[in-house]
Amino acid sequence: MTPLKLFYAMAHRGDPSQRTDENWGNFGDELSPLVLSHVTGRDVEYTDPRSCEIIAIGSLLDKFSLYRLTQILQYQRWWPSKLQVWGSGFMLPDTRMKRGGLTVHAVRGPLSQKNLPAKFRNEDIAFGDPGIFANELLTEMPEKKWKAGILPHYVDRDHPGVRALVESNPDFHLINIWAHPKRVLADIAACEVLFSSSLHGLIAADSLGVPNRWLKLSQKVGGGDFKFRDYCAGVDKPAPEPIHLDQDTIDERLMADTIEGFQPGELNAAKERLRAAAAKL
1 MTPLKLFYAM
11 AHRGDPSQRT
21 DENWGNFGDE
31 LSPLVLSHVT
41 GRDVEYTDPR
51 SCEIIAIGSL
61 LDKFSLYRLT
71 QILQYQRWWP
81 SKLQVWGSGF
91 MLPDTRMKRG
101 GLTVHAVRGP
111 LSQKNLPAKF
121 RNEDIAFGDP
131 GIFANELLTE
141 MPEKKWKAGI
151 LPHYVDRDHP
161 GVRALVESNP
171 DFHLINIWAH
181 PKRVLADIAA
191 CEVLFSSSLH
201 GLIAADSLGV
211 PNRWLKLSQK
221 VGGGDFKFRD
231 YCAGVDKPAP
241 EPIHLDQDTI
251 DERLMADTIE
261 GFQPGELNAA
271 KERLRAAAAK
281 L
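Everything in the sequence shown is counted per UniProt numbering, starting at 1 for the first residue and increasing by one.
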């Protein structure tokens with residue numbers, strides 16, 4: 001069977017030999033080929049956006065939308081003649097996709113569905129971010145090592161408050177979002193609680209059964225709260241309320257509240273929908 005031709009924001013794609021376990025690529029993006037291969041049982045190969053057949057994990061739909069002249073001029077190369085969507089979402093709430101050759105099997109959530117071409121807005125499309133399969137990528141669950149994991153989005157890696165927080169709390173662990181995805185997953189699973197500004201850090205924690213909170217560190221993460229709300233709506237999880245380092249103290253009380261209030265959503269039902277959708281790829 002031929003490999004599935006997937007586009008994702010692969011790091012080091014010009015020279016994959018540059019990858020190391022500590023410098024592999026952005027966690028959420030690099031989950032995409034692992035999860036797609038796991039769910040479908042097929043090989044997956046990175047393919048450039050002009051030639052790809054499938055997009056999966058990630059807020060990729062905006063760039064494939066070509067809904068403004070400026071986008072058409074900038075992203076003509078993001079326009080394969082046919083494109084299958086399995087769990088991708090939009091970054092921005094006001095994007096409107098206006099293109100043909102599209103087959104939508106699943107999107108991240110109902111907010112993304114509203115941005116699709118009109119014919120898809122009332123269809124029974126599966127909801128769910130494929131990152132919810134993250135727990136199935138680990139062959140065994142590690143023992144707990146840390147009270148709290150701190151996982152900044154890659155744009156927040158140099159936030160001054162993050163390292164200070166971890167250095168002042170020996171029971172806290174700073175997780176490298178650029179490490180091999182399975183290393184990131186193992187580190188998340190070894191934490192009692194996770195605080196992350198990365199959506200896929202939170203999704204992976206949900207999948208692994210690790211209580212978590214959205215830690216908003218800056219305005220640098222694209223799309224504001226749109227993709228967070230979209231994911232939560234797609235798995236029937238309460239909309240997230242972020243915490244902020246300059247307003248909230250990550251202490252025993254906050255961690256206890258996070259554990260007590262943990263609601264991962266209806267992940268098993270979402271997985272069933274996504275598996276059924278993947279069978280159509």
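Note that CB positions come from ideal geometry on N, CA and C, so glycine has one too.
Annotation: Glu266 to Phe127 spans about 11 angstroms, alpha carbon to alpha carbon.
A straight line joining the alpha-carbon of Leu194 with that of Arg253 spans about 14 angstroms. Contact between the stretch 149 to 162 and the stretch 206 to 220 is present: three or more C-beta pairs spanning the two stretches fall below 8 angstroms. DSSP places Ser196 within a strand segment (E or B) once states are collapsed to three. C-alpha of Asp158 to C-alpha of Ser197: approximately 13 angstroms in a straight line.
By the criterion of a C-beta distance shorter than 8 angstroms, Asp29 is surrounded in its chain by Tyr8, Ala9, Met10, Ala11, Ile57 and Gly58, once the five residues flanking it on both sides are discounted. Distances from the alpha-carbon of Leu174 to those of Arg163, Arg121 and Arg183 put Arg163 closest.
Taking a contact as a CB-CB distance under 8 angstroms, the pair Gly109 and Ala233 counts as one, their CB atoms being some 5 angstroms apart. The residue among Asn26, Val39 and Asp15 with its C-alpha nearest the C-alpha of Ala276 is Val39. When the five nearest sequence neighbours on each side are left out, the beta carbons in the same chain lying within less than 8 angstroms of the beta carbon of Asp21 are those of Ala179, His180 and Arg183, in order along the chain.
In the DSSP assignment, Ser37 falls within the unbroken alpha helix (DSSP H) covering Phe27 to Thr40. For Ser65, the CB contacts under 6 angstroms within the same chain, skipping 5 residues up- and downstream, are Thr95 and Met97 in chain order. A Cβ-Cβ distance of about 6 angstroms is found for the pair Leu34 and Leu137, placing them in contact under the 8 angstroms criterion.
Separation of the CB atoms of Val155 and Val221 is rounded to 6 angstroms, and the pair is thereby assigned contact status at 8 angstroms.
Check the Cα spacing between Leu111 and each of Gly161, Ala134 and Tyr231: the tightest is with Tyr231. In the same chain as Pro142, and ignoring 5 residues on each side of it, the C-beta atoms closer than 7 angstroms to its own belong to Ala186, Ala189 and Ala190, in chain order. Around Tyr46, the same chain offers Leu6, Phe7, Tyr8, Met10, Arg13 and Pro33 as residues with beta carbons nearer than 8 angstroms, after the five sequence neighbours per side are excluded. Counting along the chain, the unbroken alpha helix (DSSP H) around Arg273 starts and ends at Leu267 to Ala278.
Note that the C-beta distance between Ala134 and Ala239 is not below 7 angstroms. As the crow flies, the alpha-carbon of Phe90 is around 15 angstroms from that of His105. Phe64 sits in coil when the DSSP states are folded into three classes, being neither helix nor strand. Looking at the DSSP output, Leu102 bridges to Leu83. Under the three-state reduction of DSSP output, Asn176 falls in the coil class, being neither helix nor strand.
The Cβ atoms of Gln263 and Lys227 lie no closer than 7 angstroms to each other.
DSSP places Leu116 in the coil class of the three-state scheme, outside both helix and strand. In the DSSP annotation of this structure, the continuous segment of the beta strand (DSSP E) that includes Val44 starts and ends at Val44 to Tyr46.
A residue is called buried once 16 or more other Cβ atoms fall within 10 Å of its Cβ, and Thr258 is buried on that count. Pro170 has its alpha-carbon roughly 50 angstroms from the corresponding atom of Phe120. Scanning Lys271, Pro3, Ala269 and Arg273 for the CA closest to the CA of Ser37 turns up Pro3. Separation of His244 and Pro211 (C-alpha to C-alpha, rounded to the nearest whole angstrom) is 17 angstroms.
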